[in-house]
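First comes the structure, then the notes that go with it.
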Amino acid sequence: MKSSAVFIAVVLFAGLCSQISGQNTNKPSKCCFSYLEKRIPLKMLSNFERTRSDCTRPGIVFITRKGHLVCADPKQKWVKDSVDHLNNILHFPVPLVLSKGCPH
Numbered sequence: 613m614k615s616s617a618v619f620i621a622v623v624l625f626a627g628l629c630s631q632i633s634g635q636n637t638n639k640p641s642k643c644c645f646s647y648l649e650k651r652i653p654l655k656m657l658s659n660f661e662r663t664r665s666d667c668t669r670p671g672i673v674f675i676t677r678k679g680h681l682v683c684a685d686p687k688q689k690w691v692k693d694s695v696d697h698l699n700n701i702l703h704f705p706v707p708l709v710l711s712k713g714c715p716h
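Using the working numbering, the first residue of the sequence shown is number 613, and each one after it goes up by one.
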């Protein structure tokens with residue numbers, strides 16, 4: 613009797629968990645509802661991501677060095693320039709320069 617009650621509880625719990633995770637998979641992780649108007653200095657930015665296509669407004673979410681998330685309008689020139697700068701830093705590693713003292 614106890615084992616059947618435990619089995620029913622486990623099945624109900626598993627069904628509840630699958631409904632919760634299924635509901636969240638179709639929603640965007642981050643959306644922008646307003647944009648920051650002023651330019652953020654490049655030295656304060658560490659990364660960025662684009663909002664998903666199912667957001668009501670397109671946006672670039674900048675991640676600052678302190679971990680703050682800031683929405684910006686992807687049509688603004690400063691936003692495009694900042695994205696290009698971060699792409700160059702994040703996706704193209706700096707080549708290693710070997711000193712003369714390193715073994716070959």
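Ideal Cβ placement from N, Cα and C applies to all residues, glycine included.
Remember, it's a predicted structure, so these values are computed and weren't measured experimentally.
Exercise. Return the first residue and the last residue of the beta strand (DSSP E) that I675 is part of.
Key: As a working mapping, residue 675 is identified with position 63 in the sequence shown. From DSSP, the beta strand (DSSP E) with I675 extends over I672 to T676.
Quiz item: At what residues does the beta strand (DSSP E) containing M658 begin and finish?
Solution: Position 46 of the sequence shown, counted from the first residue, corresponds to residue 658. Sequence check: residue 658 is Ser here, not Met. L657 to R662 is the extent of the beta strand (DSSP E) around S658.
Quiz prompt | Assigned secondary structure, S665 (DSSP; H/G/I helix, E/B strand, else coil) | solution = Start at 1 with the first residue of the sequence shown, and residue 665 comes out as number 53. S665: coil per DSSP, three-state reduction.
Quiz item: Which partner residues of C683 appear in the DSSP bridge assignment?
Solution: Your numbering for residue 683 matches position 71 in the sequence shown. For C683, which the question treats as bridged, DSSP gives the partners V673.
Exercise. Leaving aside the five residues before and after F660 along the sequence, list all residues of the same chain whose C-beta is less than 8 Å from its C-beta, in chain order.
Key: Numbered from its first residue, the sequence shown carries residue 660 at position 48. Within its own chain, the residues whose Cβ lies closer than 8 Å to the Cβ of F660, once the five positions on either side in sequence are excluded, are I672, V673, F674, I675, S694, V695 and L698, listed in chain order.
Quiz item: Which first and last residues belong to the alpha helix (DSSP H) in which I652 is found?
Solution: The sequence position of residue 652 within the sequence shown is 40, counting from 1. No alpha helix (DSSP H) holds I652; DSSP gives it neither H nor E.
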